[in-house]
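**Q** I have a structure here, written as structure tokens, and I will follow up with some questions on it.
Protein chains in written order, with the working numbering: chain A, 567 to 815; chain B, 51 to 802.
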């Protein structure tokens, strides 16, 4: 009698265990993520140009065939009272503004709408203008010299590009400033590793923090620099130029 | 007057103590039942076979030593005065099958100890479970409740939400830093022939263990046969093993070894198929032990382990050697143990141990010596540990001890004989513990309360980790357990514990500036014995982690200090069910675990790769009836598991990453991918059936057996992980199945 009771208790326990197991497994919700495509924006406003370009593209599911850029989005650039609806140009596959002059330390907003996608809201503040102290026009610049200029307000990164008079490229490099410095000092010898001599135009471009984030976060992560509702970059740059006779030997 | 009465009262009793061992081989019999006939007095032996019975009334008495599977020992004695009598006894195995020994020990342990989440293994359980190529302790542990594995070939232990580096692994008192190093992690360091006893604390472990957050696996090799020279040899598909043991004057010895001949099989394959497959790999390990008993109160044991894996590759494309790669790694260790009975109530064990894990990679480029490099890592650990038990009376035992560890982690990285990186980190960890085991109500309510104090030399920090356990036997066969405790860890690994494959870990001490990883365990347990052979446990648990130091999955911070690791918190919660039956002709168990494991860093909680929600294992083995032709005198066992899928992340999208190229004055782009959340996807559920058939036989008058294992009998293609291959035009998602077909293996054993 006692053995029977024990056996019954045993089998009831096993039954309860199996029932519990089935219930638990049935309740196990596999919350696998589904991919939702977004708009992919790329645009860098620059004071060197009057008509500014915006590329409107999209993201694709990993197993989805890719297509061309988006040509039927509504792209609007806003600044105070300025409302500019950009026009898509098929030859270059990007959207263009009307000719506008950028003002430093001014915020520009961008909205991009396309049916079936979240609307993208983006903003960039143009870095401040700045003065170059060395080299001034036609100074001689060697590897032992230090390029000296005023810190651009809002700049997170500088790009220096040397262009030879009459055509041809010289050195090009990026410099990350200390935001607390009022003057930017770049020891040329630490950044230039090319041998060249001649007269060069030197462009110093101050990039905003969106641009910095986009390039320094890099392509290993999803870039959302200055953008909400999509991916990509909406940034800006303010450029100043000088020229010098370069002796990099 | 009161004192006088007390002295008189105490003088009215005597006590009996001693050791209980197996008459056939001298092995201690842990948890033997010992009782005085016609009284309620009794006790059980401890892990080393030692016992003491207090308060025996003066006069004649009969002491009975009972151990299922052994003939009972009966000793008649007369307690004449108030003193201790030493009775060492050997019990002879009875014709009953030996597997029931475990039942007896477990049942006795159930009645005598306050323990939760504690599982004991015997060699029979390790070798009887179907396995790929050969039995393995770690693989058998993976079938237990609360233990999760990453995939079909993984030999790591993820215990109740803890990563493998949170497990303390001991072999004869030697800390084993990388227990699963053989054949890409397929086999553990523990030669199953040499394992005598293994126990796993899956959580809530007592104060005499420390230095890890999750679990303790303590493995003791066999003591060595002190009666006869015996041994065994076995030949398997990829390894061969031997064991030899026997008596020496006042003691015993054991030596066991194992070597793979994988490279020879590859060579044979090449000869047959005229192929050029190259896998210049082999491993071997040796375990040795010597016991010396100058007296019944003293026992000295020296145990050693040496395990080495070697990859040696010589590239020879032009007729002359072009390049050579030599990689070897392995665990080594030696321990000296002195077990001493100071007096019948005071028992102690002192261990001095040296443990080492070495990794050495050497690359020689004979055509360009500037490419030569040498990468070397070495862990050296000196441990001095003393454990003492004071048997106060029949209801109170006090355990205390100290544990000092001096550890050095050295690593260097040489390129072309120039030292590129060389570092050595030294750390000392000194611990002391005190714990009390008491029967508050004899045979009904017992507690175990302890405190472990630790000094960690980096940052000169002191920690106090309290532990507490209680057991309430509200029926003779039913008990509630509860345990709570705090646990600290002082060394961590620099490589991810979420990798699908990793052979060995790179350990580093936690740096001075970092908080120590800490875990709190809360475990409740219900234990029911249906009969002498069947037990059932339910254990819900909750584990909270703080200051976890975790590397990212893609990176190995070989040269970095622990400061470079991410700091996070986490928790694990779940419930384990375990039903185990162990009969004369049948054994088996069902284990089921429901668990939730989360880690938290800046971005919030996520599931690590080993967060397996449901895990079911069914193991069933039985002796084949005599009526079955050909395979009578054999055993057949089967193992089936079902487990829901592990979380993983994968590329879910892609987009053009634009940039302005000033030199071409155009916008360029690269395709880049969008990775899902870390735990966004789950691998499909996996299940598998494995079989093991072993047939006993006699070869040249010697006992022997042959065995066949078939893994993945019904050819289930369990996915281990996915990879995504893509270019601009196409994307391929490949699934990796590690056991793509039923895999048979076979071998035979010989015992002499």
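No residue lacks a Cβ here, since even glycine has one placed at the ideal position from N, Cα and C. Keep in mind the model is a prediction, meaning the values are calculated, not measured.
(1) Could you give the uninterrupted runs of the beta strand (DSSP E) lying entirely in the region 711–770 of chain B, keeping only those of 3 residues or more?
(2) At 7 angstroms on the CB atoms, spell out the chain B contacts of residue 700 of chain A, in chain order.
(3) Closer than 8 angstroms, CB to CB, is residue 610 of chain A near chain B or not?
(4) Using the Cα positions of residue 388 of chain B and residue 350 of chain B, report the straight-line distance between them to the nearest angstrom.
(5) Is there a C-beta anywhere in chain A that falls below 8 angstroms from the one on residue 707 of chain B?
(6) Indicate whether at least one CB of chain B lies closer than 8 angstroms to the CB of residue 623 of chain A.
(7) By DSSP, does residue 209 of chain B sit in helix, in strand, or in coil?
(8) Are the beta-carbon atoms belonging to residue 560 of chain B and residue 542 of chain B less than 8 angstroms from one another?
(9) For the alpha helix (DSSP H) containing residue 174 of chain B, name the first residue and the last one.
(10) Who are residue 608 of chain A's beta bridge partners in DSSP?
(11) So, are the CB atoms of residue 483 of chain B and residue 535 of chain B less than 8 angstroms apart?
(12) Measuring straight from C-alpha to C-alpha, what distance separates residue 795 of chain B and residue 486 of chain B?
(13) On the criterion of 16 or more Cβ atoms from any shown chain inside 10 Å, does residue 138 of chain B qualify as buried, or is it exposed?
(14) For the region 411–427 of chain B against the region 380–399 of chain B, do three or more pairs of beta-carbon atoms, one drawn from each stretch, fall closer than 8 angstroms, so that the two count as touching?
(15) Got a sec, what are the start and stop residues for the beta strand (DSSP E) residue 628 of chain B sits in?
(16) Can you tell which of B/270, B/131 and B/564 has its C-alpha closest to the C-alpha of residue 224 of chain B?
(17) Give me the Cα-Cα distance between residue 764 of chain A and residue 424 of chain B, rounded to the nearest whole angstrom.
(18) Tell me, which residues are paired with residue 705 of chain B by DSSP?
(19) With C-beta atoms as the reference, is residue 584 of chain B less than 8 angstroms away from residue 576 of chain B?
(20) Determine the DSSP secondary structure at residue 522 of chain B, reduced to helix, strand or coil.
(21) Less than 8 angstroms between the beta carbons of residue 401 of chain B and residue 435 of chain B, yes or no?
(22) What do you reckon, are the CB atoms on residue 248 of chain B and residue 304 of chain B nearer than 8 angstroms?
(23) Going by beta carbon distance, what residues of the same chain come within less than 7 angstroms of residue 285 of chain B, once the five residues before and after it are set aside?
(24) For chain A, find out if any of its Cβ atoms is closer than 8 angstroms to the Cβ of residue 738 of chain B; answer yes or no.
(25) Is the CB of residue 579 of chain A under 8 angstroms away from at least one CB in chain B?
(26) How big is the Cα-Cα spacing for residue 399 of chain B and residue 127 of chain B?
(27) Restricting to Cα atoms, I'd like to know which of B/175, B/614, B/75 and B/409 is closest to residue 670 of chain B.
(28) Assign residue 491 of chain B to buried or exposed, taking buried as 16 or more other Cβ atoms, counted over all protein chains shown, within 10 Å of its Cβ.
(29) To test your reading of the DSSP string, which unbroken beta strand (DSSP E) runs of 3 or more residues are found completely within the region 223–284 of chain B?
(30) Can you list, in chain order, the residues of its chain with a C-beta nearer than 6 angstroms to that of residue 252 of chain B? Leave out the 5 residues immediately preceding and following it.
(31) In terms of residue numbering, what span does the beta strand (DSSP E) encompassing residue 653 of chain A cover?
(32) Residue range of the beta strand (DSSP E) that residue 332 of chain B falls in?
(33) Within a Cβ cutoff of 6 angstroms, which residues of the same chain sit near residue 780 of chain A, ignoring the five residues on either side of it in sequence?
(34) In the region 686–711 of chain B, which residues sit with their C-beta less than 9 angstroms from some C-beta in chain A, listed in chain order?
(35) Starting from residue 578 of chain B, follow the beta strand (DSSP E) in both directions and report where the run begins and ends.
(36) Across the region 184–192 of chain B and the region 218–238 of chain B, are there enough close Cβ pairs to call them in contact, namely three or more that are closer than 8 angstroms?
**A** With the given structure in hand:
(1) Fully enclosed beta strand (DSSP E) runs of 3 or longer: 716–725, 736–749 and 752–761.
(2) Within 7 angstroms of the CB of residue 700 of chain A, no CB atom of chain B is found; the nearest one sits about 23 angstroms away.
(3) Taking Cβ atoms only, chain B reaches closer than 8 angstroms to residue 610 of chain A, which makes this a yes.
(4) Straight-line Cα distance between these residues: approximately 5 angstroms.
(5) Yes, contact with chain A.
(6) Judged by the 8 angstroms Cβ criterion, residue 623 of chain A is in contact with chain B.
(7) Reduced to three states, the DSSP call for residue 209 of chain B is strand.
(8) In this structure, residue 560 of chain B lies near residue 542 of chain B, with their beta-carbon atoms less than 8 angstroms apart.
(9) For residue 174 of chain B, the enclosing alpha helix (DSSP H) stretches over residues 173–178.
(10) Listed as beta-bridge partners of residue 608 of chain A by DSSP are A/621 and A/799.
(11) With contacts defined as CB atoms closer than 8 angstroms, residue 483 of chain B and residue 535 of chain B fail to qualify as a contacting pair.
(12) Rounded to whole angstroms, residue 795 of chain B to residue 486 of chain B spans 49 angstroms at the Cα level.
(13) Its Cβ having fewer than 16 others within 10 Å, residue 138 of chain B is exposed.
(14) Judged by Cβ distances under 8 angstroms, the region 411–427 of chain B makes no contact with the region 380–399 of chain B, as fewer than three pairs qualify.
(15) Run containing residue 628 of chain B: 616–632, per the beta strand (DSSP E) assignment.
(16) Across the set B/270, B/131 and B/564, the C-alpha of B/270 shows the shortest separation from the C-alpha of residue 224 of chain B.
(17) When rounded, the separation of the alpha-carbon atoms in residue 764 of chain A and residue 424 of chain B is 47 angstroms.
(18) For residue 705 of chain B, the pairing in a beta bridge is given by DSSP as B/722.
(19) No, the pair does not count as a contact, with Cβ atoms beyond the cut-off.
(20) If DSSP states are grouped into helix, strand and coil, residue 522 of chain B belongs with the strands.
(21) Yes, they are a contact pair.
(22) For residue 248 of chain B and residue 304 of chain B, no; Cβs fall outside 8 angstroms.
(23) The answer, listed in chain order, is 797 and 798.
(24) For residue 738 of chain B, the answer is no, since every Cβ of chain A falls outside 8 angstroms of its Cβ.
(25) Yes, contact with chain B.
(26) Rounded to the nearest angstrom, the gap between the Cα atoms of residue 399 of chain B and residue 127 of chain B is 29 angstroms.
(27) That would be B/175, whose Cα lies nearest to the Cα of residue 670 of chain B.
(28) Around the beta carbon of residue 491 of chain B, fewer than 16 other beta carbons lie within 10 angstroms, which makes this residue exposed.
(29) Taking only runs of at least 3 residues, the beta strand (DSSP E) segments lying wholly in the region 223–284 of chain B are 245–251 and 265–271.
(30) Excluding residues up to 5 positions away in sequence, 167, 196, 209, 210 and 265 lie with their Cβ nearer than 6 angstroms to the Cβ of residue 252 of chain B in the same chain.
(31) Per DSSP, the unbroken beta strand (DSSP E) holding residue 653 of chain A starts and ends at 653–655.
(32) Start and end: 331–345.
(33) Apart from the 5 residues on each side of it in sequence, residue 780 of chain A sits with its Cβ closer than 6 angstroms to the Cβ of 789, 791 and 799 in its chain, given in chain order.
(34) Of all residues in the region 686–711 of chain B, only 692, 694, 695, 699, 700, 701, 702, 703, 704, 705, 706, 707, 708, 709 and 710 come within less than 9 angstroms of chain A when Cβ atoms are compared, listed by chain position.
(35) Residues 568–581.
(36) The answer is yes - the region 218–238 of chain B touches the region 184–192 of chain B, with three or more Cβ pairs under 8 angstroms.
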